[in-house]
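Take a look at the structure set out below.
Numbering (the numbering used here), first residue to last: 2 to 273.
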């Protein structure tokens, strides 16, 4: 197999960084026909930028989206959110005049599971005339900017996550993950706390736990760590949940916005 850098040069892709913190938009690639070298090149782009927008995938079907996801690993079955008819592992994320989009809030996908997703993908099927973007935030950068003293304090800690937003019974089944995790592929450390699903810091009094979560939630979503993906019809957004949080932008009124999502599970639970 050729080196990813050499393949990227051979593919002659148009790669444009989205911000100084993370993210890139990419043109000139067809995920439905990638050979092993091409797939390795896309993987290298994701490891470099943490979130990438592959434009020009209008022809990608739900079967094709699912097949591409399976090249990265086993797919998550969410269990609560609506799915595309005929699939239990392809989510339907749709807003329209009957059900306008209002959801927003920073999170890492399904961090409330013991084995959460490592990679998520959103395929834009219908996009509004303006707006409906997704914001991404680098948890590498958020960790690296902490003081040495705060890093030393946080690194031994664990946090409990639960999915009560989807089902109140999930309160009974929290998943515990390190507050700071080490990415199994890049070796870099990242914060793994989010305002969507992180409920408490294990072993600390409620007041101290709440204060730490509040501080981290504000710190790790600062503007300096962000990038923004603007969808076109067919855009395939891919991001790494192990080092990225994301948030929808519900600024498109009653227009139709439809994206289909697959998420690829971690090979093992997040660790230090």
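All residues carry an ideal CB built from backbone N, CA and C; glycine is no exception. The model shown is predicted, which means the values in this text are computed figures rather than measured ones.
For the pair of segments examined, the region 223-240 was found not to touch the region 185-204: the number of CB pairs separated by less than 8 Å stays below three.
Fewer than three beta-carbon pairs drawn from the region 45-62 and the region 86-102 are found closer than 8 Å, and the two stretches are therefore not classed as touching. In the DSSP assignment, residue 145 falls within the alpha helix (DSSP H) that extends over 140-145. Scanning 178, 50, 210 for the CA closest to the CA of residue 117 turns up 178.
By the CB criterion at 8 Å, residue 175 and residue 163 fall inside the cutoff. Residue 82 and residue 188 have their C-alpha atoms roughly 32 Å apart. By alpha-carbon distance to residue 273, the top candidate from 190, 102, 32, 168 is 190. Runs of beta strand (DSSP E) with 3 or more residues, each lying fully within the region 19-43, are found at 25-28, listed in chain order. Per the Cβ contact rule, the region 114-132 is not in contact with the region 206-215 (fewer than 3 Cβ pairs under 8 Å). Non-local C-beta neighbours of residue 53 in its own chain, meaning closer than 6 Å and more than five positions away in sequence, comprise 25, 27, 46, 47, 239, ordered along the chain. Of the other Cβ atoms in all chains shown, 16 or more fall within 10 Å of the Cβ of residue 262; this residue is therefore buried. Residue 192 is bridged by DSSP to 181. Relative to the Cα of residue 138, the nearest Cα in the group 256, 266, 22 belongs to 22. Classified as buried, residue 69 has 16 or more neighbouring CB atoms from the shown chains inside 10 Å of its CB.
Residue pairing for residue 48: DSSP places it in no beta bridge. One thing to note: residue 30 has its Cβ within 8 Å of the Cβ of residue 14. Membership of residue 161 in the beta strand (DSSP E) is indicated by the continuous run 159-162. Residue burial is scored here from C-beta neighbours: residue 197 has at least 16 other C-beta atoms within 10 angstroms and is therefore classed as buried. When the five nearest sequence neighbours on each side are left out, the beta carbons in the same chain lying within less than 8 Å of the beta carbon of residue 234 are those of 59, 125, 126, 127, 128, in order along the chain.
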